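**Student:**
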Amino acid sequence: MKFEIKRDTLLKSLNFVQGVVEKKNTLPILSNVLLELKNQKLSIIATDLDIVFYDEITDVKIISEGNTTTSAAILFDILRKISSDSILKFDLKSENKLSLKSENSDFNLLCLPSDNFPTFSLDEFKGKQMSLNNKNFLKLLNKTKISISNDDTRHYLNGIFVHLTESGGKNFLTGVATDSHRLSSSSLEIENEEDFRPFILPRKTVFQLCSLLSEISNQM
Numbered sequence: 018m019k020f021e022i023k024r025d026t027l028l029k030s031l032n033f034v035q036g037v038v039e040k041k042n043t044l045p046i047l048s049n050v051l052l053e054l055k056n057q058k059l060s061i062i063a064t065d066l067d068i069v070f071y072d073e074i075t076d077v078k079i080i081s082e083g084n085t086t087t088s089a090a091i092l093f094d095i096l097r098k099i100s101s102d103s104i105l106k107f108d109l110k111s112e113n114k115l116s117l118k119s120e121n122s123d124f125n126l127l128c129l130p131s132d133n134f135p136t137f138s139l140d141e142f143k144g145k146q147m148s149l150n151n152k153n154f155l156k157l158l159n160k161t162k163i164s165i166s167n168d169d170t171r172h173y174l175n176g177i178f179v180h181l182t183e184s185g186g187k188n189f190l191t192g193v194a195t196d197s198h199r200l201s202s203s204s205l206e207i208e209n210e211e212d213f214r215p216f217i218l219p220r221k222t223v224f225q226l227c228s229l230l231s232e233i234s235n236q237m
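If you're matching positions, the sequence shown starts at 18 in the working numbering and goes up one per residue.
1. I need the straight-line Cα distance from phenylalanine 70 to phenylalanine 137, nearest angstrom please.
2. For threonine 182 and serine 201, what's the separation of their Cα atoms in angstroms?
3. Could you check which residue in Phe224, Gly186, Ile163 has the C-alpha nearest to that of histidine 198?
4. Considering only residues of the same chain and omitting the five flanking positions on each side of glutamate 16, which have a CB-CB separation below 6 Å?
5. Whose C-beta lies closer than 7 Å to the C-beta of lysine 110 among residues of the same chain, with five residues either side of it excluded?
6. Measuring alpha carbon to alpha carbon, tell me which residue in Thr87, Asp102, Lys152 is nearest leucine 127.
7. Quick one: which unbroken beta strand (DSSP E) runs of 3-plus residues sit fully inside the region 82–158? Chain order, please.
8. Going by other Cβ atoms of all chains shown within 10 Å of its Cβ, with 16 needed for buried, is aspartate 67 buried or exposed?
9. Where does serine 203 sit, in a helix, a strand or coil, going by DSSP?
10. Going by the beta-carbon positions, is the gap between phenylalanine 178 and proline 215 smaller than 8 Å?
11. Take the Cβ of arginine 220 as the centre, count every other Cβ of all protein chains shown within 10 Å, and call the residue buried at 16 or more, exposed below.
12. For the beta strand (DSSP E) containing asparagine 49, list its first residue and its last residue.
13. For the region 102–109 and the region 37–48, state whether three or more C-beta atom pairs, one from each stretch, are separated by less than 8 Å.
14. Output the distance between the C-alpha atoms of asparagine 56 and lysine 156, rounded to the nearest integer angstrom.
15. Give the single residue among Ser184, Thr195, Asn153, His180 whose Cα lies nearest to the Cα of tyrosine 173.
16. Got a sec? Which residues, its chain only, sit under 8 Å from glutamate 120 by beta carbon, not counting five neighbours each side?
17. Which residues does DSSP pair with lysine 187 in a beta bridge?
18. Taking all protein chains shown into account, decide if arginine 171 is buried (16 or more other Cβ within 10 angstroms of its Cβ) or exposed.
19. So leucine 59 packs on glutamate 82, CB below 8 Å; how close in whole Å?
20. Under the DSSP definition of a beta bridge, which residues are partnered with proline 219?
21. Can the beta-carbon of aspartate 65 be found less than 8 Å from the beta-carbon of valine 37?
22. Which residues in the same chain as glutamate 39 place their Cβ atom closer than 6 Å to its Cβ, once the five residues preceding and following it in sequence are excluded?
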């Protein structure tokens, strides 16, 4: 496994990874990010077993394919200290050592075998899709997340209840959150959606979605 990539390109993806990876280290592998080189692209995967972050980068020079896992936090901290627009050179020296070189810097990162990393099939997440305007959906999340409860004993309040409502002959996607002291609700108009099942969007997922949608909105 050997490849070269721009520092800013990889750092952008790893920035989102930080909000997903497991911080408590109950399972060491969950603190790692999976780097996989295959089919002329770099796949970056992170999970805490509740959320799965998946990103594909095609702007990468692949010298040899392969995969490994390394600490998401350490890699992120190293990249933040490397100057912008630098070219990163990765080389997997052994099963447990990944070399990272850039300009005058040379790092050796500890790795864990990718076989220990939880496996997910993208087909598991495929199903009926709903198209939403990202800015409108971001507004819905921002207006309701302030009332999400932090009381883990009542887990059903630790998120936003997303469901369909109807008013004046129009259909709306509505989000509601409460901590039993305050309640926030916001809606956005959508086309008629059949077979939609209401669900609770967990607190951690809400904040990760807000970060992703804000990044997308800033690029538009």
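Virtual Cβ for every residue (Gly too), placed ideally from N, Cα, C. These numbers come from a predicted model, not from an experiment.
**Tutor:** Let me lay it out:
1. The alpha-carbon atoms of phenylalanine 70 and phenylalanine 137 are separated by roughly 11 Å.
2. 15 Å
3. Minimum Cα distance to histidine 198 is reached at Ile163.
4. For the chain, the structure presents residues 18 to 237; residue 16 sits outside this window and is missing.
5. Once the five neighbours on either side are set aside, the close Cβ partners of lysine 110 are Ser116.
6. Thr87
7. 83–88, 104–111, 114–119, 122–129
8. exposed
9. Reduced to three states, the DSSP call for serine 203 is strand.
10. yes
11. buried
12. 49–55
13. no
14. Using only the alpha carbons, I get a separation of about 37 Å.
15. Thr195
16. Ile99, Ser100, Ser103
17. Ser184
18. exposed
19. About 10 Å; that fails the 8 Å criterion.
20. Bridge partners of proline 219 according to DSSP: Gly176.
21. yes
22. Leu47, Ser48, Asp65
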